[in-house]
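Residue 287 is where the sequence shown starts when you use the working numbering, and the numbers rise one by one after that.
Notes follow the structure.
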Amino acid sequence: MRSIIDVMDLSVEELDELIASAEDIIEDPDKYAEVCRRKKLGTLFFEPSTRTRMSFEAAMYELGGHVISMSEAGSSSAAKGESVADTIKTVSNYVDIIAMRHPKEGAALVAARNASVPVINAGDGGHCHPTQTLADLLTIHREKGSFENLTIGLCGDLKFGRTVHSLCTAMSRYAGTKFVLISPEELKLPSYVKKGVLRKKDIPYTQTTDLEGSLKDLDILYMTRIQRERFFSEEEYLRLKDSYILTEEKMKLAPEKMIVMHPLPRVNEISVSVDEDPRACYFKQVLNGKYMRMALIIKLLKEAGRL
Ligand code: NCD
């Protein structure tokens, strides 16, 4: 059974197909309005979410399917001590496809191994978040026209930010990608991503704490939230939480064609006034995420012989 746990579970050709499929959905949504008729998506979110969960749900409804959701983890059997494996074996009997978010790294893999329907990882702890990357890739494709020769500044919590880990991995497959890793010393990109992805693929990157000084070289600035829930100490979070705030002033230092991305939710790291800047693309990412999830649901249901 094909599940999507990591963005590397999809080949570059498949990503191209998903982008083409999302573009087709955007072009003619009516054509897709009945594609998933009588199919059910199960959403299991053991961690808070607004966009990812609602976007999966909206995606399934717009494909003519149904959604059933586990209520909050605190009021489901997880609170009684049920394992992820048992929950998934159970839910597999009710639905055709599952989207799951869990605070533990690796939980999505455990789920996929125990499921009899496709599982989509909607975020596993500080590890990865492949469908946010699908949203990011469609945004880059639409705004930049290509994935090649892009210099991407990743700024904020690069240690715990799972969307950063997945985006790094995905973009490392395209020619001419360069990264500028902008973070406090304490929140640098983990070495398993640096060694296992960037160095392995010879992707040029620099590490810095300086956002202002980096802006002029960037095609894309990908801002992230400091991931409070993954910190061991609240004091440490409070010390680091306002490390970077992108303001209109700082945007004056950025190239005219640079785009600003953010997986959202935003806390403090982008001033609300930047939203008016035509380079701000984070709310476009939200919409693009829905279309890519629609494309992914169709693909996985077809492969599973359920469509
Ligand atoms: C991200 C996540 O959950 O990792 N949110 C999202 O799904 N768009 C980013 C974050 O929470 O900071």
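For each residue, glycine too, the CB sits at the ideal point set by N, CA and C.
Quick caveat, the model's predicted, so the values are computed rather than measured.
Asked                                                                                                            : Found
Bridge partner(s) assigned by DSSP for R565                                                                      : DSSP lists no partner for R565.
Cutoff 8 Å; reference Y530; Cβ partners in own chain excluding five residues on either side                      : C441, G442, I468, L497, M509 and E555
Selection from R459, R514 and E562 that minimises the alpha carbon distance to G411                              : R514
Supposed contact pair F342 and A408 - C-beta distance, whole angstroms, cut 8 Å                                  : 7 Å
Coil, strand or helix - R323 by DSSP                                                                             : coil
Sheet register partners of N407 (DSSP bridge)                                                                    : M386
Close-in-space but distant-in-sequence residues of the same chain around R387 (CB under 7 Å, 5 per side omitted) : F331, F332, E333, S335, T338, A408 and G409
Q270, DSSP secondary structure in three states                                                                   : Missing from the structure shown is residue 270; the chain here goes from 287 to 593 and no further.
Cβ neighbours of G553 in the same chain (closer than 6 Å, five flanking residues each side left out)             : A small correction: the amino acid at residue 553 is Val; Gly does not occupy that position in the sequence shown. Closer than 6 Å at the Cβ level, and outside the excluded window around V553, lie R511.
Of the listed residues V377, A393 and S369, nearest to D292 (C-alpha basis)                                      : A393
Minimum C-alpha distance to T417 - residue among L573, K588, R592 and A590                                       : L573
Residue environment, D372, which counts as buried when at least 16 other CB atoms sit within 10 Å                : exposed
Distance between beta carbons of Y478 and L484, contact taken as under 8 Å                                       : That pair is no contact at about 11 Å.
Span of the alpha helix (DSSP H), counted from its first residue to its last, around V245                        : Since the first and last residues shown for the chain are 287 and 593, residue 245 lies out of range.
Heavy atom of the ligand NCD within 8 Å of L550 beta-carbon                                                      : yes
Contact test: S335 Cβ vs the ligand NCD heavy atom, cutoff 8 Å                                                   : yes
beta-carbon T419 near the ligand NCD non-hydrogen atom, thresh 8 Å                                               : no
Among I384, D561, K445 and K317, nearest to M287 - alpha-carbon criterion                                        : I384
Residue environment, S559, which counts as buried when at least 16 other CB atoms sit within 10 Å                : exposed
Alpha carbon of L473 to alpha carbon of L444, nearest angstrom                                                   : 6 Å
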